[in-house]
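2 protein chains.
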Amino acid sequence: MAAKAPFEQRKKHIIELLKQGKLLVVNELAKKFNVSEMTIHRDLNKLQQQGHIERTYGGAVPAERMEFEFDFASRRASNQKAKKAIAQEALKFVQPGQRLILDTGTTTLELAYLLKDFENLTVITPSLAVASVLQFSSGIQTVLLGGIIRKGSPDLTGVVAEKVLDMFMVDIAFQGADGIGLNGELFNTDMRIAKVDQKMRKRANQTYVLCDSSKIGKIDFASNGSLAEVNALITDSGITPEQFQSLKKICSEIIVSKI
Amino acid sequence: MAAKAPFEQRKKHIIELLKQGKLLVVNELAKKFNVSEMTIHRDLNKLQQQGHIERTYGGAVPAERMEFEFDFASRRASNQKAKKAIAQEALKFVQPGQRLILDTGTTTLELAYLLKDFENLTVITPSLAVASVLQFSSGIQTVLLGGIIRKGSPDLTGVVAEKVLDMFMVDIAFQGADGIGLNGELFNTDMRIAKVDQKMRKRANQTYVLCDSSKIGKIDFASNGSLAEVNALITDSGITPEQFQSLKKICSEIIVSKI
DNA sequence: ACATACTTATAACAATTACTAACATTTTAT
DNA sequence: ATAAAATGTTAGTAATTGTTATAAGTATGT
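Those protein sequences? They're chains A and B, same order as listed. First residue of the first sequence? That's 10 in my numbering, and the numbers climb one at a time after it. First residue of the second sequence? That's 10 in my numbering, and the numbers climb one at a time after it.
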């Protein structure tokens, strides 16, 4: 780690770091390239003029970050630990080399965070949020379903999304749900997501529904099917014995996380 | 875990924590980043002003809105005035009620900025950058092509994108180009984009190529067709008379912006 | 309810760290 | 070998961060 980097091989390297989503810090770069901090300052100023970066105090950030804004009203108070625990259980089913569908929703988003460092996976998702989390994971190929972008919503739905799903068969689909009736009926708040969820199950060898216990016994607007059609429900320990008994009649397996 | 990180690094880290649903506590953050609590207070106040969080006594919670970023390296800086002028010319062809395809590229991205306040348009695009610009435009329905997300690249390509294009017919396609040969041949740096560009022309009644003059006479890797297939080339006044004459033989119309 | 103790937030100034500019030195190219 | 470009050094300036003191918010006990 000693030879001084000739010329502006550094720039190439720096731009590479940017593509990986890294933040640039002056003194780290100076050490990395074995040059003085002054040189890094000059490099960064040039890169700024070329429009690659924006300078910040102490370093630099990518010039143009495109970002999507979503409304996540629910996220705040609710059940984050439970969702994480559910995602952990779901993770146990994932093997390297598999192809997955990851549905929209905050619980499946937690699973996306856990999959980040996995090797050799293909993930198909209608969720821009999931795609954003996985975009820099070198071991994961992310396929975004197409479709209409709705303001404040992170997911792509509609005919396009359904058509694209028809192009693939995957090993496992991980779905969310906004409500599960005690008869095992699966609900979404949004009808369009319900349709996409139905289609997902048809394109996967196995389907797991990830749903925290607060939504069990809650019905919602759009029914997309029944727990009878899936391999397992994964939920948290907040599920009551009565709910468990009731759902067990319909669902072949119910996995309850520790938390 | 000792080194102090500058603000931008802390900010990124804090936002990451937010996305994972952690609630922020001032003294924990101070320890985590090895800075004083005063600094964390200042950070959180800044983040509040930027709309990322809401402050609570002793810490902070996520705001309702959450942002997800896609990074891509682009130098919007180079030739930006020319690109803006080209986009202005392209804009003249757009009428309310139309359906458009907007290709990937920095010039078409400029056009997206101009379309933002248009009424009653449908825009189909393979570009996450274009989609992010248009996401909050109430008068525009944005359809994102599906496909594989490549690291550091803002566009969706591949079989999926092409299949989705087959689902639509539009009024106008606005394309970019990475190079145009003096024989009118259209080039892309990326083969996958070349294929998508070919398909776009088939699905549009009219096609316009938006390309700043610096790329005229430059050939690149992947040919996607010829100016003979399009309705017009829109470029800037940097085009030389020789280039103009040469391309005029092939292209039915060449529109030159003032700048 | 009120007052008390306790924690957290802000303000002002001091200390630290990062940035810029000018000049010296090294490296690269002709 | 010389000019040109790039890098390093130093000192001075600007921005951020830390410290202390004071204010404001929360929680408790009577």
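All C-beta atoms in this analysis are idealised placements derived from N, C-alpha and C, irrespective of residue type, glycine included.
task = Report the residues of the region 140-163 of chain B with a CB closer than 7 Å to any CB of chain A, ordered along the chain.
result = ALA140, SER141, GLN144, PHE145, GLN150, THR151, VAL152, LEU153, LEU154, GLY155, GLY156, ILE157, ILE158, LYS160, GLY161 and PRO163
request  = Using a cut-off of 8 Å between C-beta atoms, extract the partners of ILE18 of chain A located in chain B.
outcome  = What sits at residue 18 of chain A in the sequence shown is Gln, not Ile. Result: empty, since nearest Cβ-Cβ is about 17 Å, beyond 8 Å.
request  = Thinking LEU191 of chain B and GLY226 of chain B are a contact (beta carbons under 8 Å), I'd like their distance in whole angstroms, please.
outcome  = 6 Å
inquiry  = On the CB-based measure, 16 or more other CB atoms within 10 Å of its CB, does ASP175 of chain A come out buried or exposed?
reply    = exposed
inquiry  = Given this structure, state the Cα-to-Cα distance separating ALA11 of chain A from SER45 of chain A, to the nearest angstrom.
reply    = Low confidence applies here, because ALA11 of chain A scores a pLDDT of 35, under 50, leaving its location unreliable; read the following figure in that light. Cα to Cα, ALA11 of chain A sits roughly 13 Å from SER45 of chain A.
ask   = Would the beta-carbon of LEU153 of chain A fall within 9 Å of that of LEU130 of chain A?
value = no
query = Taking DSSP as the reference, what is the three-state secondary structure of PHE253 of chain A?
reply = Reduced to three states, the DSSP call for PHE253 of chain A is helix.
request  = Write down the C-beta distance between GLY167 of chain A and ASP112 of chain A rounded to the nearest angstrom, noting that I regard them as a contact closer than 8 Å.
outcome  = The pair is not a contact, with the Cβ atoms about 15 Å apart (cut-off 8 Å).
request  = Consult DSSP for ASN233 of chain A and reduce its assignment to one of helix, strand or coil.
outcome  = strand
query = Quick one: is LYS258 of chain A buried, meaning 16 or more other Cβ sit within 10 Å of its Cβ, or exposed?
reply = exposed
query = Taking the continuous beta strand (DSSP E) assigned at TYR66 of chain A, which residues delimit it?
reply = Looking at the DSSP string, TYR66 of chain A is not in any beta strand (DSSP E), and its letter there is neither H nor E.
query = Closest to PHE183 of chain A by CA distance: which of A:ALA96, A:MET47, A:GLY68 and A:PHE253 is it?
reply = A:ALA96
task = Quick one: measure Cβ to Cβ for ASP229 of chain A and THR198 of chain A, integer angstroms, because I've assumed they're closer than 8 Å.
result = 5 Å
ask   = So what does DSSP say about ARG19 of chain A, is it helix, strand or coil?
value = helix
inquiry  = Suppose you measure from the CA of LYS13 of chain A to the CA of PHE145 of chain A; what does that come to, to the nearest Å?
reply    = Note that LYS13 of chain A scores a pLDDT of 42, beneath 50, so its modelled location is shaky; the value from the coordinates is reported in the next line. Answer to the nearest angstrom: the Cα atoms are 29 Å apart.
query = Exposed or buried, LYS28 of chain B, counting other C-beta atoms within 10 Å across all chains shown (16 or more means buried)?
reply = buried
query = Are the C-beta atoms of MET10 of chain B and some chain A residue less than 9 Å apart?
reply = Low confidence applies here, because MET10 of chain B scores a pLDDT of 38, under 50, leaving its location unreliable; read the following figure in that light. Answer no: the Cβ-Cβ gap between MET10 of chain B and chain A never drops below 9 Å.
query = What do you get for LYS92 of chain A, buried or exposed, if any count of 16 or more other CB atoms within 10 angstroms of its CB means buried?
reply = buried
inquiry  = Between ALA231 of chain A and CYS260 of chain A, how many whole angstroms is the CB-CB distance? I'm expecting something under 8 Å.
reply    = In fact, because the Cβ distance is near 20 Å, the residues do not count as touching under 8 Å.
request  = Give the straight-line distance between the Cα atoms of ILE24 of chain A and LYS31 of chain A, rounded to the nearest whole angstrom.
outcome  = 10 Å
key: Segment limits, alpha helix (DSSP H) that includes THR115 of chain A   = 115-124
ask   = Of the choices A:LEU120, A:GLN215 and A:LYS160, whose alpha-carbon is the least far from that of VAL142 of chain A?
value = Taking VAL142 of chain A as reference, the option from A:LEU120, A:GLN215 and A:LYS160 with the minimal CA-CA separation is A:LEU120.
message = Does PHE42 of chain B come out as helix, strand or coil in the three-state DSSP assignment?
response = helix
C-beta contact flag for GLN59 of chain B and ALA69 of chain B at 9 Å = no
message = Here's the rule I'm using: 16 or more other beta-carbon atoms within 10 Å means buried, otherwise exposed. How should TYR217 of chain B be labelled?
response = By the neighbour-count criterion, in which a residue is buried when 16 or more other Cβ atoms sit within 10 angstroms of its Cβ, TYR217 of chain B is buried.
key: Own chain residues within Cβ distance below 6 Å of GLY247 of chain A, not counting five before or after   = SER222
ask   = If you count every other CB in all the chains shown that lies within 10 Å of the CB of ASN36 of chain B, and 16 or more means buried, which is it?
value = So ASN36 of chain B ends up on the exposed side.
task = Decide if THR116 of chain B is buried, meaning its Cβ has at least 16 other Cβ atoms within 10 Å, or exposed.
result = buried
key: Contacts that ARG34 of chain A makes with chain B (C-beta to C-beta distance below 8 Å)   = Sequence inspection shows Val at residue 34 of chain A; the Arg mentioned does not correspond to that position. Under the 8 Å cutoff, chain B gives ALA14, PRO15 and GLN18.
message = What would DSSP say about ALA12 of chain A, mapped onto helix, strand or coil?
response = Confidence in ALA12 of chain A is poor, its pLDDT being 40 and thus under 50, which makes the residue's placement unreliable; the coordinate value appears in the next sentence. Coil, per DSSP.
request  = State the beta-bridge partners of LEU33 of chain A as determined by DSSP.
outcome  = A:ALA69
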